[in-house]
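Novice:
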Amino acid sequence: NAGVTQTPKFRVLKTGQSMTLLCAQDMNHEYMYWYRQDPGMGLRLIHYSVGEGTTAKGEVPDGYNVSRLKKQNFLLGLESAAPSQTSVYFCASSYFWGQSSYNEQFFGPGTRLTVL
Amino acid sequence: RKEVEQDPGPFNVPEGATVAFNCTYSNSASQSFFWYRQDCRKEPKLLMSVYSSGNEDGRFTAQLNRASQYISLLIRDSKLSDSATYLCVVNLSGGGADGLTFGKGTHLIIQP
Numbered sequence: 038n039a040g041v042t043q044t045p046k047f048r049v050l051k052t053g054q055s056m057t058l059l060c061a062q063d064m065n066h067e068y069m070y071w072y073r074q075d076p077g078m079g080l081r082l083i084h085y086s087v088g089e090g091t092t093a094k095g096e097v098p099d100g101y102n103v104s105r106l107k108k109q110n111f112l113l114g115l116e117s118a119a120p121s122q123t124s125v126y127f128c129a130s131s132y133f134w135g136q137s138s139y140n141e142q143f144f145g146p147g148t149r150l151t152v153l
Numbered sequence: 015r016k017e018v019e020q021d022p023g024p025f026n027v028p029e030g031a032t033v034a035f036n037c038t039y040s041n042s043a044s045q046s047f048f049w050y051r052q053d054c055r056k057e058p059k060l061l062m063s064v065y066s067s068g069n070e071d072g073r074f075t076a077q078l079n080r081a082s083q084y085i086s087l088l089i090r091d092s093k094l095s096d097s098a099t100y101l102c103v104v105n106l107s108g109g110g111a112d113g114l115t116f117g118k119g120t121h122l123i124i125q126p
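These protein sequence lines map, in sequence, to chains A and B. The C-terminal residue of the first sequence carries number 153 in our numbering, and the numbering is unbroken. The C-terminal residue of the second sequence carries number 126 in our numbering, and the numbering is unbroken.
Here it is in structure tokens:
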């Protein structure tokens, strides 16, 4: 199993350009997440999905859109990139087992995005 | 008060020593607690879950103190390979899919 994969690994954009980050998982997980990680800020949740066809906002959703058309894929879009979106983006996926909230998240290797 | 708070370090520790660090959390109703490890320029990976009774995995011991709202991680006989950033993770919402809150991490450097 490949686990969680992300495409691309690196990208440089100019302000105003758009792009889509692709996350794929082969573990049949229901839940998928997009985070950004900035120095001194820790991981912050952008959007998440609890199943195919559903998405929800996280802590920092502004400037991003997402789609979950297939269970194994979760796309993160930047419609008009801004320098403030320079960051490392991590995708993650997890099972969710009943009310126990045992939800270990498995992370992809990350995408390093620079917006000039 | 910050929701999940950790001492950022760095903790510089000689190889073979024992090191411990804590993490405090804000919501007394939190149900799930984890330690993740993140190597430089890599993704976070689960190190261990933290159970109410405490748990041990080899050289690593995790403890939960609900009364004081903190969790701890103890590393015994530290190895050079233990050098990493350790992220405290708490499900503050009590079970929601968006409930995992990550601390900013504690940077550990094991010195030969």
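By construction, the Cβ of each residue, glycine as well, lies at the ideal position given by its N, Cα and C atoms.
Sort B:18, B:33 and B:19 by Cα distance to residue 90 of chain B and report the nearest one.
Specialist: On the second sequence, position 76 is the one that residue 90 of chain B refers to. The shortest C-alpha separation from residue 90 of chain B is found at B:33.
Novice: Should residue 77 of chain A go down as buried or exposed, given a rule of 16 or more other Cβ atoms within 10 Å for buried?
Specialist: Along the first sequence, one-based indexing puts residue 77 of chain A at 40. The residue in question, residue 77 of chain A, is exposed, as its Cβ has fewer than 16 Cβ neighbours within 10 Å.
Novice: Using a Cβ-Cβ cut-off of 6 angstroms (strictly less than) and excluding sequence neighbours within five positions of residue 116 of chain B, which residues of its own chain qualify?
Specialist: Here residue 116 of chain B refers to the residue found at position 102 of the second sequence. Same-chain partners within the cutoff: 101 and 103.
Novice: Taking the DSSP output, what are the residues bridged to residue 101 of chain A?
Specialist: One-based indexing of the first sequence puts residue 101 of chain A at position 64. Paired residues: A:115.
Novice: Rounded to the nearest angstrom, how far is the Cβ of residue 90 of chain A from that of residue 73 of chain A, given a contact under 8 angstroms?
Specialist: Taking the first residue of the first sequence as position 1, residue 90 of chain A is located at position 53. Taking the first residue of the first sequence as position 1, residue 73 of chain A is located at position 36. The Cβ separation is near 24 angstroms, so there is no contact.
Novice: Suppose contacts are defined by Cβ-Cβ distances below 8 angstroms. Is residue 114 of chain A in contact with residue 97 of chain A by that definition?
Specialist: Taking the first sequence and counting its residues from 1, one reaches residue 114 of chain A at position 77. Taking the first sequence and counting its residues from 1, one reaches residue 97 of chain A at position 60. No.
Novice: Below 8 angstroms on the Cβ atoms is my guess for residue 92 of chain B versus residue 27 of chain B; work out the distance and round it to an integer in Å.
Specialist: Here residue 92 of chain B refers to the residue found at position 78 of the second sequence. Here residue 27 of chain B refers to the residue found at position 13 of the second sequence. Confirmed, about 6 angstroms.
Novice: So which residues of chain A does residue 42 of chain B contact, with C-beta pairs closer than 9 angstroms?
Specialist: Position 28 of the second sequence, counted from the start, is the residue given in the question as residue 42 of chain B. What residue 42 of chain B touches in chain A: nothing, since even the nearest Cβ is about 15 angstroms away.
Novice: Can you name the residues of chain B whose CB is closer than 7 angstroms to the CB of residue 147 of chain A?
Specialist: The residue labelled residue 147 of chain A in the question sits at position 110 within the first sequence. Residues of chain B passing the Cβ test: 57.
Novice: Using three-state DSSP, classify residue 86 of chain B as helix, strand or coil.
Specialist: Against the second sequence, residue 86 of chain B aligns to sequence position 72. Strand, per DSSP.
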